[in-house]
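In my numbering, the protein residues as written are 3 to 300. Note that the Cβ used here is the ideal one computed from N, Cα and C, for glycine as well. Quick caveat: nothing in here was measured; it's all calculated off a predicted structure. Worksheet: one structure, shown below.
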Amino acid sequence: MVIEGNSLGVTIRITALRPALIEHAELTLIRKVNYTYGRGNIYGGVFPARERTTELLTTVTVQAPGAIPAGQTRVLSGSLSIPTDGPASVRGDLIDVGWSVRCVLHAAGGQIIKRERLIDVQSWGQTSATDIGHPPVGEHLGQVALEFIALSSRVLEPGTPLTGVLRVRPRDEISTRGVRVQLVRCEEVWGGPGQVADPDASESEGYRHAEAVTAAVVVGPAGMLTPGTVVDLPFTVETPAGLPAPSLSIGNLHVRWEIRAVVDLPLRLDPRLSLDLLAVTASRQPSDSGRPGALDTD
3 MVIEGNSLGV TIRITALRPA LIEHAELTLI RKVNYTYGRG NIYGGVFPAR
53 ERTTELLTTV TVQAPGAIPA GQTRVLSGSL SIPTDGPASV RGDLIDVGWS
103 VRCVLHAAGG QIIKRERLID VQSWGQTSAT DIGHPPVGEH LGQVALEFIA
153 LSSRVLEPGT PLTGVLRVRP RDEISTRGVR VQLVRCEEVW GGPGQVADPD
203 ASESEGYRHA EAVTAAVVVG PAGMLTPGTV VDLPFTVETP AGLPAPSLSI
253 GNLHVRWEIR AVVDLPLRLD PRLSLDLLAV TASRQPSDSG RPGALDTD
């Protein structure tokens, strides 16, 4: 794994099964972006379409080993810089971004040997740094008010639990099936090729939205809530050790993370309160991020 903006050291071991002459060797950094968007047809319908792009970001030449006797091994080394001007690794329902390193060897006689290895590019989520300044968003709060009165952090880090306190203030007497706090990944695609990336385009044909609950905890049992009372519910939400995506906002591709409180009501819309987080997939502090990554392959 490697953090965006850092360098990746690459080591290749070549073992000759028979005498070989390697005349040229190169390394290429590749990024593949796949996403789902909406596409209209002549009948007015909209169907999901998939866009796929492959970018050859950089290629470096490494010193070729020349002649290799049968049974012997040679080691090649090189370095690739990971850019910061595009998405890091993402594994989502709508958006998938994969990175890889390809080694190409040109042998005598025109033979070309290729090997490719996937890599994980981690991110500090800086394209969405303003997410932690967004106010909470409530829905269906006519009967009950919700408030996060304490939260350990609005930066979501792999394997670091979120702790806090949810305050519940009933306005009416209501029967609940419980109160829960969730960690939610929200993906948005604002459009596809030839479509305008419009942040207010949720009704446009190209727009797609998907949500996934990655962790949840029940913080309040089923029962009656009485108006005039205040209920403070402490919670701890476990964060997955490997987040599938950082917070992301690049062009038409967007990934948000939020902590969401939900009051489960029978036969009615559930009151809920959502607060945006900044998700990072990098596992070290920025002051330590200068350490290069490494890839070792045969």
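Inspect the beta-carbon positions of E189 and V257 and report whether they are closer than 8 Å.
To locate residue 189, count along the sequence shown from 1; it is residue 187. To locate residue 257, count along the sequence shown from 1; it is residue 255. It is a contact, given that the beta carbons lie within the stated cut-off.
Simplified DSSP state of T132, which is helix, strand or coil
Mapped onto the sequence shown, residue 132 falls at position 130. Note: T132 maps to helix in three-state DSSP.
Measuring alpha carbon to alpha carbon, tell me which of W192, V139, A224 and P273 ends up nearest I252.
The residue labelled residue 252 in the question sits at position 250 within the sequence shown. Nearest of W192, V139, A224 and P273 to I252, Cα basis: W192.
Presumed contact (8 Å Cβ cut-off) between P223 and G194, rounded CB distance:
Taking the sequence shown and counting its residues from 1, one reaches residue 223 at position 221. Taking the sequence shown and counting its residues from 1, one reaches residue 194 at position 192. Actually they are not in contact, since the Cβ atoms of P223 and G194 sit about 45 Å apart, beyond 8 Å.
Excluding five sequence neighbours on each side, which residues of the same chain lie with their C-beta closer than 6 Å to the C-beta of I16?
On the sequence shown, residue 16 is found 14 positions in, with the first residue counted as 1. So the list reads R76, once near-sequence residues are dropped.
Using DSSP with H/G/I as helix, E/B as strand and the rest coil, what is G111?
Against the sequence shown, residue 111 aligns to sequence position 109. Under the three-state reduction of DSSP output, G111 falls in the helix class.
Cβ neighbour criterion (16 or more within 10 Å) applied to L269
Within the sequence shown, numbered from 1, the residue matching residue 269 stands at position 267. Counting Cβ neighbours within 10 Å, L269 comes out exposed, since fewer than 16 surround it.
Buried or exposed for P242, going by 16 or more other Cβ atoms inside 10 Å?
In the sequence shown, residue 242 corresponds to position 240, counting from 1. When all chains shown are included, P242 counts as exposed.
If contacts are defined as beta-carbon pairs under 8 Å, then P248 and S83 qualify, I think. What distance do you get, rounded to the angstrom?
Locating residue 248 in the sequence shown gives position 246, where the first residue counts as 1. Locating residue 83 in the sequence shown gives position 81, where the first residue counts as 1. About 19 Å separates the two Cβ atoms, so there is no contact after all.
Go ahead and label V215 buried or exposed: buried means 16 or more other beta carbons lie within 10 angstroms of its beta carbon, across all protein chains shown.
Translated into the one-based positions of the sequence shown, residue 215 becomes position 213. Label assigned to V215: exposed.
In the structure shown, what three-state DSSP assignment does N36 receive?
In the sequence shown, residue 36 corresponds to position 34, counting from 1. Strand, per DSSP.
For E57 versus Y37, is the C-beta distance shorter than 8 Å?
Translated into the one-based positions of the sequence shown, residue 57 becomes position 55. Translated into the one-based positions of the sequence shown, residue 37 becomes position 35. Cβ distance not < 8 Å, so E57 and Y37 don't count as in contact.
Every unbroken alpha helix (DSSP H) inside the region 155 to 199 [4 residues or more]:
none
Give me the Cα-Cα distance between V4 and D87, rounded to the nearest whole angstrom.
Your numbering for residue 4 matches position 2 in the sequence shown. Your numbering for residue 87 matches position 85 in the sequence shown. Distance between the alpha carbons of V4 and D87 is about 15 Å.
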